[in-house]
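Position one of the sequence shown corresponds to residue 1 (full-length UniProt numbering), numbered consecutively onward. What follows is one structure encoded as structure tokens, with my remarks underneath.
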Amino acid sequence: MTLRDGDRRSATEQLELPLDQPPAPPTTGKVLRTAAIAPTPPRIPAGDQRLIRALGAGALVAGVATIGGALSIDPVVDQTRALLVAAALALTVALGLTALLLLRSFRGHPGLWRVRRRRCVRRGLFAGALVGGYLALRIIGLGGPTGLLIAVLLVAVAEAAISRSEIDSV
1 MTLRDGDRRS
11 ATEQLELPLD
21 QPPAPPTTGK
31 VLRTAAIAPT
41 PPRIPAGDQR
51 LIRALGAGAL
61 VAGVATIGGA
71 LSIDPVVDQT
81 RALLVAAALA
91 LTVALGLTAL
101 LLLRSFRGHP
111 GLWRVRRRRC
121 VRRGLFAGAL
131 VGGYLALRII
141 GLGGPTGLLI
151 AVLLVAVAEA
161 AISRSEIDSV
């Protein structure tokens, strides 16, 4: 049957392919089209997988402690406990952001492993210190939005300077 026989065949017959015949090999002079299979990216090393899981679990535990502490204390009356909650929140942000940054960096640059871990840990610690420090200053009655913006700018400049100074910068 040819393509011209299509109107004499039913719809199911038109869709059926002959299964008993092997596909014909391509003839010379025609381009063989194959499906391009994307190469699989390299796996995250086992040590970094363990680190990401440990950071995520630590962030969950610190988050539960933060929620429990924030719901059970009055920061005006008990400033010491409020500072502990601020430290727990800073730990939650630092651990969680470090794990997320590690995952993102492995996905973005699958073959470059050199300074990734150190940079992600540093950025997570910077973010945790910003959040915890600002919250602690607000609890003791200091600081404001302007101070937070100045601190964010200082941390951004410090991170840019440290990243540029690394020889194996990714």
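Just so you know, even glycine gets a beta-carbon here, dropped at the ideal spot from N, CA and C.
Chain D beta carbons: is any one of them nearer than 8 Å to that of residue i?
i, result
"E159", "No chain D is present in this structure, which holds just one protein chain."
Who are the Cβ neighbours of residue i in its own chain at under 7 Å, not counting the five residues just before and after it?
i, result
"L83", "A136, I139"
"L130", "A151, V152, V155"
"A65", "A88"
"Q79", "I139, I140"
"G132", "A86, A87, L89, A90"
Identify, in the order they occur along the chain, each residue of the same chain with its Cβ nearer than 8 Å to the Cβ of residue i, setting aside the five sequence neighbours on each side.
i, result
"C120", "T98, L101, L102, S105"
"A158", "F126"
"G143", "Y134, L137"
Return the Cβ separation of residue i and residue j in integer angstroms, given the expectation that the two are a contact with Cβ distance under 8 Å.
i, j, result
"R122", "I162", "7 Å"
"R128", "A90", "Reading the sequence as shown, one finds Gly at residue 128 and not Arg. At roughly 4 Å, the Cβ-Cβ gap stays under 8 Å, so G128 and A90 are in contact."
"L148", "Y134", "5 Å"
"V61", "I73", "Wrong, their Cβ atoms sit about 19 Å apart, outside the cutoff."
"G108", "A59", "No, G108 and A59 are not in contact; Cβ-Cβ is about 21 Å, not under 8 Å."
Using a Cβ-Cβ cutoff of less than 6 Å, which residues in the same chain neighbour residue i once the five nearest sequence positions on both sides are dropped?
i, result
"R116", "S105"
"G63", "T92"
"A94", "G124, L125, G128"
What alpha helix (DSSP H) runs, 4 residues minimum, are completely inside the segment 66-151?
If we require 4 residues or more, the alpha helix (DSSP H) runs fully inside the segment 66-151 come out as 79-108, 116-139.
How about the segment 41-55 and the segment 101-108: do they share at least three Cβ pairs that are nearer than 8 Å?
With the cut-off at 8 Å, the segment 41-55 and the segment 101-108 touch.
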